Structures are given as structure tokens and as C-alpha cells.
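Here's the structure we're looking at; comments come further down.
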Amino acid sequence: MDFVVVITVVVAIFAIVNPVGNISFFVTLTQGYSREEKNAVIRKTIFVAGGVLAIFALLGNYIFELFSITIPAFRIAGGILLLTIAFSMLQGSHPKSKVTDQDKEEALQREAVGIVPLGIPMFAGPGSITTVMIYISDATSTATTNWNFIIGVYLGIALIMIISYILLYYGEVLFEKIGRMGALAFSRIMGLILAAMAVQFILEGLKNGLLAGL
Numbered sequence: 046m047d048f049v050v051v052i053t054v055v056v057a058i059f060a061i062v063n064p065v066g067n068i069s070f071f072v073t074l075t076q077g078y079s080r081e082e083k084n085a086v087i088r089k090t091i092f093v094a095g096g097v098l099a100i101f102a103l104l105g106n107y108i109f110e111l112f113s114i115t116i117p118a119f120r121i122a123g124g125i126l127l128l129t130i131a132f133s134m135l136q137g138s139h140p141k142s143k144v145t146d147q148d149k150e151e152a153l154q155r156e157a158v159g160i161v162p163l164g165i166p167m168f169a170g171p172g173s174i175t176t177v178m179i180y181i182s183d184a185t186s187t188a189t190t191n192w193n194f195i196i197g198v199y200l201g202i203a204l205i206m207i208i209s210y211i212l213l214y215y216g217e218v219l220f221e222k223i224g225r226m227g228a229l230a231f232s233r234i235m236g237l238i239l240a241a242m243a244v245q246f247i248l249e250g251l252k253n254g255l256l257a258g259l
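With this note's numbering applied, the sequence shown covers 46 to 259.
This is the structure we're talking about:
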């Protein structure tokens with residue numbers, strides 16, 4: 046197993062999922078919950094988010110074939126999407142593609158906040174789904190399937206979910222330590238990393254597209 050692959054995937058998914066930046070939202074949504082209820086919410090969040098990312102990683106290539114989408118075109122479109130999310134993070138706000146005011150309102154009226162909006166779209170949103178699909182498509186786009194890379198993607202998803210679980214479990218303590226400003230600063234750093242990755246996706250998509258004559 047190439048651990049560089051795992052690290053690359055973990056950094057990319059961590060930047061877009063941004064579990065540290067989501068701590069304040071988790072704390073707000075679970076105010077008044079008992080420890081057991083919060084633990085149940087965390088488990089649902091991790092299960093749903095991890096499951097969604099794994100499913101889209103598995104079905105990504107079939108989706109490309111179904112809609113006749115080329116990998117270079119998807120890389121460019123995905124890069125643009127990630128770039129818009131990165132700009133929102135740099136400005137210190139949650140991107141609209143991840144959560145809406147209506148999501149927040151509905152979440153406060155339901156117990157299943159671990160499914161919506163925490164699991165989807167906060168942790169497993171368009172950006173993270175696009176990222177894993179791009180990585181899997183890269184591993185299968187050549188004549189020989191790069192199984193090390195594919196396994197690395199799934200290990201990366203699993204590792205991010207473990208990290209997210211730990212961060213959410215100790216969310217209240219961490220939130221007291223870093224505060225909203227600390228979470229905001231971290232989100233901006235992740236936004237900068239994500240912006241660089243988005244530009245890389247776009248450049249590689251353009252390069253591959255031109256080479257393929259698309």
C-alpha cells in the first residue's frame with residue numbers, strides 16, 4: 046500500500062469535509078441533547094457521510110458512462126465546484142452547496158440531525174462526493190487499474206470518518222478551546238488548501254482533455 050496515496054486523499058477530503066469548521070454547527074444543533082443523544086447523532090453522521098462517499102466512489106465510473114461524461118470534463122467541472130466552495134470557506138461562511146437556512150430550520154425540529162444536515166450535506170456534500178469520484182476515476186482511467194490507489198481512497202474515507210468521529214465526540218471541549226474565531230481561521234486555511242487542489246483539478250482536466258482531443 047502506497048501511504049502517500051492515503052495521505053493525499055485524506056488531506057483532500059479533510060479540507061473539503063472540514064470537520065473542525067463544522068464543530069460549531071454540531072454544537073449549536075445539539076444544544077440541550079443528552080450525552081447519549083449526542084453520541085447517537087455522531088454515529089448517524091459518520092455512518093451516513095461515510096456510506097454516501099463510499100457509494101459514490103463505487104458508482105462514479107458507472108455514472109460517467111450513463112451520462113457519457115468524460116473524465117477530463119468531470120475534473121474541470123469538479124474543480125470549478127471545489128473552487129467556489131473554497132472561496133466561501135476563505136470568506137468565512139459555509140458554502141450554500143453544503144447547507145441552507147431551510148436545512149438549519151428543519152434540523153432544529155428533528156432528532157435525526159445526524160442524517161440531515163450533518164451527514165448530508167455538511168460532511169458528505171457535493172464537494173467531497175466530487176473529490177472521491179475524481180480520485181477513483183483517475184485510478185481506473187488507464188489500461189491497468191491502480192488498485193493501490195483505489196484502496197487508498199477507501200482507506201482515506203475511513204480515516205477521515207474516524208477523525209471526524211473523534212472531533213465531534215469532543216466537539217464541545219474543542220469548541221470551548223478554539224471558539225468560533227478559531228474554527229473560522231481553520232476553515233480559511235482549509236479553504237486555501239482546497240482552492241489549490243481545485244486549480245490542480247482544472248489544470249489536469251484541461252491538459253488531459255487537450256491531449257485526448259476533447
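No residue lacks a Cβ here, since even glycine has one placed at the ideal position from N, Cα and C. As the structure is a computational prediction, the values presented were derived from the model and not from experiment.
When the options are compared against residue i, the one with the closest alpha-carbon
i: residue 219; options: 66, 187, 129, 61; result: 66
i: residue 63; options: 247, 248, 206, 224; result: 206
i: residue 226; options: 136, 82, 60; result: 136
i: residue 163; options: 214, 172, 171, 93; result: 93
i: residue 248; options: 119, 169, 158; result: 119
i: residue 170; options: 99, 88, 238; result: 99
i: residue 175; options: 204, 211, 69, 127; result: 127
i: residue 81; options: 250, 214, 229, 253; result: 214
i: residue 161; options: 55, 221, 75; result: 75
i: residue 254; options: 241, 204, 121; result: 121
i: residue 50; options: 228, 199, 222; result: 199
i: residue 109; options: 256, 186, 204; result: 186
Distance CB(residue i)-CB(residue j) smaller than 9 Å
i: residue 95; j: residue 202; result: yes
i: residue 209; j: residue 90; result: yes
i: residue 134; j: residue 216; result: no
i: residue 123; j: residue 179; result: yes
i: residue 172; j: residue 239; result: yes
i: residue 87; j: residue 159; result: yes
i: residue 58; j: residue 177; result: yes
CB-CB length for residue i against residue j, believed under 8 Å
i: residue 234; j: residue 182; result: Not confirmed; about 28 Å, so no contact.
Item to check | Complete beta strand (DSSP E) runs within the stretch 210–253 (minimum length 3 residues, chain order) | outcome: none
Item to check | Those runs of the alpha helix (DSSP H) which lie wholly inside the stretch 149–197 and span at least 4 residues | outcome: 171–185
Item to check | Minimum length 4: unbroken alpha helix (DSSP H) runs contained in the stretch 63–130 | outcome: 64–74, 80–111
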